[in-house]
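Residue numbers (the numbering used here), protein chains in the order written: chain S, 92 to 547; chain H, 92 to 547. Here a beta-carbon is modelled for each residue, glycine too, at the ideal position from N, C-alpha and C.
Protein chains: 2
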Amino acid sequence: MKESDHRPRHTRNMQASLPLIDGLLHPQHPSTLRAMLDDMHPADIAGILGDLPLDQRLQVWALVRPEHEGEILLAVPDAVRDSLIAGMERQALGAAVRRLDIDKLAGLAPNLPQGVIRDVFKSLSIEDRERLRSAMSYSKGSVGALMDFNMIPIRDNVSLGVVSRYLRRFDELPDHTDQIFVVDRDDRLIGVLPLNRIVINGPEAMVGTLMLTDTIRLHPEEKADQTAQTFGRYDLVSAPVVDEDGKLVGRVTMNAVLDYMRTESENDLLTQAGLLKGEDIFASAWESAKNRWVWLALNLCAAFFASRVIGTFEASIEKFVALATLMPIVAGIAGNSASQTTAIIRSLALDRITRASATRVLIKELSISGLNGLAWGGVAGLFAYYLYHSFTLGLVMVSAMSLNLMVGALAGLLIPVTMHKLGRDPGIGSNVLLTAITNSGGFFIFLGLATVFLSP
Amino acid sequence: MKESDHRPRHTRNMQASLPLIDGLLHPQHPSTLRAMLDDMHPADIAGILGDLPLDQRLQVWALVRPEHEGEILLAVPDAVRDSLIAGMERQALGAAVRRLDIDKLAGLAPNLPQGVIRDVFKSLSIEDRERLRSAMSYSKGSVGALMDFNMIPIRDNVSLGVVSRYLRRFDELPDHTDQIFVVDRDDRLIGVLPLNRIVINGPEAMVGTLMLTDTIRLHPEEKADQTAQTFGRYDLVSAPVVDEDGKLVGRVTMNAVLDYMRTESENDLLTQAGLLKGEDIFASAWESAKNRWVWLALNLCAAFFASRVIGTFEASIEKFVALATLMPIVAGIAGNSASQTTAIIRSLALDRITRASATRVLIKELSISGLNGLAWGGVAGLFAYYLYHSFTLGLVMVSAMSLNLMVGALAGLLIPVTMHKLGRDPGIGSNVLLTAITNSGGFFIFLGLATVFLSP
């Protein structure tokens, strides 16, 4: 129960602090700067470190109080953390992370050098070693990885007076303690007692009669996504985690869920754009370029393929150069429409699409793209007719747009659904695949139809 | 303080419930179904309603307990809510929403018919009318719109014993009451008293000595985004909201912040894909098509423009048809690279980019695209040389790729930064603009260079 008081003691406007720090770094004012940092909340220092170029970042980092280092390492983005850890000695790093709660230590462990983990491990009590081992064993994205061990267990056959006396032995309750957990003599969870109820009932009331028994219980192997939904749906602040025997092994707090959700949604946006991970704004261009290469390389392959599709029809294009001018329209709009379909499919919780509703969604998406094909394909057809005075070319345009929009809808629906069936996140490849299909498909359909119907 | 007990009494697996409900709907079992619904948490019923086709949805809705209707309306997505409200009579709707807390009523108000709002307004106490009016006056995305009125104010010159007696008059404390608020005789906030501290201290301790005075205070006009960051950074469960005189006017809970964040991140993903709003999976194809038209229309305009850029070079393409085959590569990869730049820029908090770091970021993004241009442009150049045996064509390809990647990086950086400077969200138009620039730019640069260097 090493949790410190997390309440912001001095909340500063970070934007205001930055120029101040900037000024303090240049002249020789380490003591003023140190005093200022001592006064700040670790989370605020973390924010500032991320905004500083590497040299200044390390200068500030050297002035931070050792007892804050662990929490700051937890709070900074991955890329910034790596830059801080790289500059630290094994002993200093070990001392910093040893101050953290076991669950947080476990979260940080993948970023730490092996030697440091070994040092820390040796310094722990047997119970904490066991906890650290189990916490590190849970896979990312599971409840086990979100859980902490700051639960307060009590027995059901005592009065609130006894509970109060027990709680008064704490200097401070762990953050987000909205309820304490009622267990039997074998540590099995039998209910929860909200702090609320302790406060609004007299000391003579019994825990057994006040506790809630019909409550959410999480399991360490459950998916964190599911838990995030549960927290949101039932407005929970904390929830107990029990093992397969019903024994209380930990708790999950809303704060852990919030952190998880924020990371997930950031990763989602980054993955959508084909980035492997977030980037430190001050990392080298070379580092960043590597972060972006996989997606560009995949896209380049898709583009080469599409280019060869066009190459097949070079004879037709030579005869009628308008085809080259018009073909990007067919490919592009279908790509846009397909990504709309994917966004809609992903905005529905995928596991809630049943076999019956899947058919319905498929028919609907095909109808929408049919409608859009006629509407916007019609506009594009008129555009083509107006420019090249060929009625057949206009018709080819409408047909190709409609067909390719439907191909796009099919791909936009099937890719996320298949990924989900295979139990995989829609990763960095799905957007590339979608674009590849709508591009190559668009070129093939448009140039193919044109070759058939426009050849003299 | 109408807040009911939000704890899940009966948590069911929703996926398991769906087929059950499906079965119960077909035969004549309304009473069984009604009993089942009575047992369920409103949030679970809300989930199920969203998964049912319109006719079944309305059948189930008719069986829901009137006292749950308000909460369910709050919990369903916008599109589903509209379908439920459309089928309700003015009186029933008024009765349903009148049971809600004022802040939730205010959140629902924009979706309600005017007549219903008038009815409800008339039925409120003067204090509640005033609160409703003020709650409805705050703009979406402000703290005022997130805040609720379930704060418990106490005075500082009393003992915990007195506070406990006062709290025992409540049947239940409002959800997410982790602290109560200490005010002076003019209702000005002077501190907060965490429930934690009530529990771990004896009845004789005084509020004035135990309260925390150096605490976060929100203001109704503040941005909700800022508040979400504050909650995440300091791990808050609730925070007081004060007006310009320092008077306590409400509180924000983590739950409201979580809801806000979830909505924002969903909207973000939808906007990225060019959708005006989320869609009801069972809405008509026509409704959905309209939701997607703005973006497709904008993209079509951009595509027409790009098509005319190609049109300018038709003479060159006629002479050398390979240009038509290769040009989509140049345009496409720059588009991919530009969207990576935008994602990185957006993943940094934009208001934290200072003038100094902006230059740094610009130089870095240009370097990255230069690197990528040489690397992937080189590959594309070899591809072109291998296919068409023209060394000059290969060089044109490398140059065009490098130049267009840099154009893309510039656009990918400047569009979000400019949007942010203008105080606007990166809306539905920015992706279109980005694609327009990289497409038209790519065609122009590649075909232009080819025309200059490849003409015989």
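For residue 338 of chain H, the residue or residues it bridges with in DSSP
Residue 338 of chain H sits at position 247 when you count from the first residue of the second sequence. Note: residue 338 of chain H sits in a beta bridge opposite H:279.
(Q) For the beta strand (DSSP E) containing residue 332 of chain S, name the first residue and the last one. (A) As a first step, residue 332 of chain S is located in the first sequence; it is residue number 241 there, counting from the start. Residue 332 of chain S -> beta strand (DSSP E) spans 329 to 333.
query = Is there at least one Cβ from chain S nearer than 8 Å to residue 455 of chain H's Cβ?
reply = On the second sequence, position 364 is the one that residue 455 of chain H refers to. Judged by the 8 Å Cβ criterion, residue 455 of chain H is in contact with chain S.
Check: When you check each C-beta in the stretch 264 to 290 of chain H against every C-beta of chain S, which residues fall closer than 7 Å?
Finding: Using a CB distance below 7 Å, the part of the stretch 264 to 290 of chain H facing chain S consists of 264, 266, 267, 268, 269, 286, 287, 289, 290, ordered along the chain.
Roughly how many angstroms separate the alpha carbons of residue 354 of chain S and residue 411 of chain S, rounded to a whole number?
As a working note, residue 354 of chain S is residue 263 in the first sequence. As a working note, residue 411 of chain S is residue 320 in the first sequence. Residue 354 of chain S and residue 411 of chain S: Cα-Cα distance of roughly 51 Å.
Practice task
Write down the C-beta distance between residue 528 of chain S and residue 500 of chain S rounded to the nearest angstrom, noting that I regard them as a contact closer than 8 Å.
Solution key: The residue labelled residue 528 of chain S in the question sits at position 437 within the first sequence. The residue labelled residue 500 of chain S in the question sits at position 409 within the first sequence. Going by Cβ atoms, the distance from residue 528 of chain S to residue 500 of chain S rounds to 11 Å, so no, they are not a contact pair.
query: DSSP puts residue 314 of chain H in a beta bridge; with which residues?
result: Locating residue 314 of chain H in the second sequence gives position 223, where the first residue counts as 1. Paired residues: H:233.
Practice item. Drop a sphere of 10 angstroms on the beta-carbon of residue 473 of chain H, count the other beta-carbons inside from all chains shown, and report buried for 16 or more, exposed for fewer. Key: What you label residue 473 of chain H is simply residue 382 of the second sequence in a count that begins at 1. So residue 473 of chain H counts as exposed.
Notebook entry, point to check: Are the C-beta atoms of residue 161 of chain H and some chain S residue less than 8 Å apart?
Noted result: For the purposes of this step, residue 161 of chain H is taken as the residue at position 70 of the second sequence. Using beta-carbon distances, residue 161 of chain H does not count as an interface residue toward chain S, since no partner is under 8 Å.
- Item | Paired residues, beta bridge with residue 273 of chain S - DSSP | Walking along the first sequence from the start, residue 273 of chain S turns up at place 182. Partner(s): S:245, S:282.
Please report the straight-line C-alpha distance between residue 407 of chain S and residue 523 of chain S, rounded to a whole angstrom.
As a position in the first sequence, residue 407 of chain S is number 316, starting the count at 1. As a position in the first sequence, residue 523 of chain S is number 432, starting the count at 1. Going from the Cα of residue 407 of chain S to the Cα of residue 523 of chain S covers about 28 Å.
At 8 Å on the CB atoms, spell out the chain S contacts of residue 351 of chain H, in chain order. Taking the first residue of the second sequence as position 1, residue 351 of chain H is located at position 260. Within chain S, no residue comes near residue 351 of chain H; the closest Cβ sits about 11 Å away, beyond 8 Å.
* **Close Cβ partners of residue 92 of chain H (< 6 Å) along its chain, the five nearest in sequence each way excluded** => The count along the second sequence starts at 1 and reaches residue 92 of chain H at position 1. The pLDDT assigned to residue 92 of chain H is 36, lower than 50, so where the model puts this residue is not dependable; a value taken from the coordinates is nonetheless given after this. Once the five neighbours on either side are set aside, residue 92 of chain H has no close Cβ partner at all.
Where do the ends of the alpha helix (DSSP H) carrying residue 253 of chain S lie? Stepping through the first sequence from its first residue, residue 253 of chain S is reached at position 162. 251 to 258 is the extent of the alpha helix (DSSP H) around residue 253 of chain S.
**Item:** For residue 305 of chain S, the nearest candidate out of S:285, S:450, S:427 (CA to CA)
**Value:** Translated into the one-based positions of the first sequence, residue 305 of chain S becomes position 214. Measuring from the Cα of residue 305 of chain S, the nearest candidate turns out to be S:285.
Grab me the residues of residue 312 of chain S's own chain with a C-beta within less than 8 Å of its C-beta, minus the 5 sequence neighbours each way, in chain order. Counting from 1 along the first sequence, the entry for residue 312 of chain S is found at position 221. Counting only Cβ-Cβ distances below 8 Å, and skipping sequence neighbours, we find 229, 233, 234, 235.
Next on the checklist: Is it buried or exposed, residue 544 of chain S, if we count other Cβ atoms within 10 angstroms and call 16 or more buried?
Outcome noted: Against the first sequence, residue 544 of chain S aligns to sequence position 453. It counts as exposed.
### Task
Output, in sequence order along the chain, the residues in the stretch 167 to 181 of chain S whose CB is closer than 7 Å to any CB in chain H.
Under the 7 Å Cβ criterion, the stretch 167 to 181 of chain S contributes no residue.
Need the endpoints of the alpha helix (DSSP H) that residue 407 of chain H sits in, please.
By 1-based counting over the second sequence, the position of residue 407 of chain H is 316. Where residue 407 of chain H is concerned, the enclosing alpha helix (DSSP H) stretches over 405 to 410.
Straight-line CA distance for residue 299 of chain H to residue 382 of chain H? The residue you call residue 299 of chain H lines up with position 208 of the second sequence. The residue you call residue 382 of chain H lines up with position 291 of the second sequence. Going by the C-alpha atoms only, they are around 56 Å apart.
Coil, strand or helix - residue 142 of chain S by DSSP:
As a working mapping, residue 142 of chain S is identified with position 51 in the first sequence. In this structure, residue 142 of chain S counts as helix in the three-state DSSP scheme.
* Beta-carbon gap between residue 635 of chain H and residue 140 of chain H smaller than 8 Å -> Any answer about residue 635 of chain H is impossible in this case: the structure gives chain H only from 92 up to 547.
DSSP three-state call for residue 344 of chain S: helix, strand or coil?
On the first sequence, position 253 is the one that residue 344 of chain S refers to. Residue 344 of chain S falls in the strand class under three-state DSSP.
- With 16 as the cutoff for other CB atoms within 10 Å, does residue 96 of chain H come out buried or exposed? The residue labelled residue 96 of chain H in the question sits at position 5 within the second sequence. Residue placement at residue 96 of chain H cannot be trusted, given a pLDDT of 41 that sits under 50; what the coordinates show is reported in the next sentence. Residue 96 of chain H comes out exposed.
inquiry  = Strictly under 8 Å for the Cβ-Cβ distance: is residue 401 of chain H near chain S by that measure?
reply    = As a first step, residue 401 of chain H is located in the second sequence; it is residue number 310 there, counting from the start. Cβ-Cβ to chain S under 8 Å: yes for residue 401 of chain H.
Exercise for review: For the stretch 262 to 281 of chain H and the stretch 370 to 380 of chain H, state whether three or more C-beta atom pairs, one from each stretch, are separated by less than 8 Å.
Suggested key: no
Quick check on the DSSP output: the alpha helix (DSSP H) that includes residue 524 of chain S runs from which residue to which? Residue mapping note: residue 524 of chain S aligns to position 433 of the first sequence, counting from 1. Run containing residue 524 of chain S: 519 to 545, per the alpha helix (DSSP H) assignment.
inquiry  = For a contact defined as C-beta to C-beta under 7 Å, what are the partners of residue 416 of chain S on chain H?
reply    = Taking the first residue of the first sequence as position 1, residue 416 of chain S is located at position 325. Under the 7 Å cutoff, chain H gives 398, 401, 402, 405.
| said: Let me check one thing: in DSSP terms, what residues is residue 184 of chain H bridge-paired to? | reply: For this step, residue 184 of chain H is matched to residue 93 along the second sequence. Answer is none; residue 184 of chain H lacks a bridge partner.
Subject >> Closer than 8 Å to chain H by CB, residue 325 of chain S >> reply: By one-based count along the first sequence, residue 325 of chain S stands at place 234. So yes, residue 325 of chain S belongs to the interface.
### Task
Just grab the DSSP bridge partners of residue 297 of chain H for me.
Counting from 1 along the second sequence, the entry for residue 297 of chain H is found at position 206. H:250, per the DSSP bridge assignment.
Report task. Could you have a look at residue 149 of chain H and say whether DSSP puts it in helix, strand or coil? Result -> Taking the first residue of the second sequence as position 1, residue 149 of chain H is located at position 58. Helix.
Q.
Check whether the stretch 249 to 264 of chain H and the stretch 206 to 214 of chain H are in contact - that is, three or more C-beta pairs closer than 8 Å.
A. no
At a Cβ threshold of 8 Å, is residue 219 of chain H touching chain S? As a first step, residue 219 of chain H is located in the second sequence; it is residue number 128 there, counting from the start. With a threshold of 8 Å between beta carbons, residue 219 of chain H makes no contact with chain S.
Which of the three DSSP states is assigned to residue 239 of chain H in this structure? Here residue 239 of chain H refers to the residue found at position 148 when the second sequence is read from its first residue. If DSSP states are grouped into helix, strand and coil, residue 239 of chain H belongs with the strands.
(Q) Any beta carbon from chain C within less than 8 Å of residue 295 of chain S's own beta carbon? (A) As a matter of chain content, chain C is missing from the structure shown, whose protein chains are S and H.
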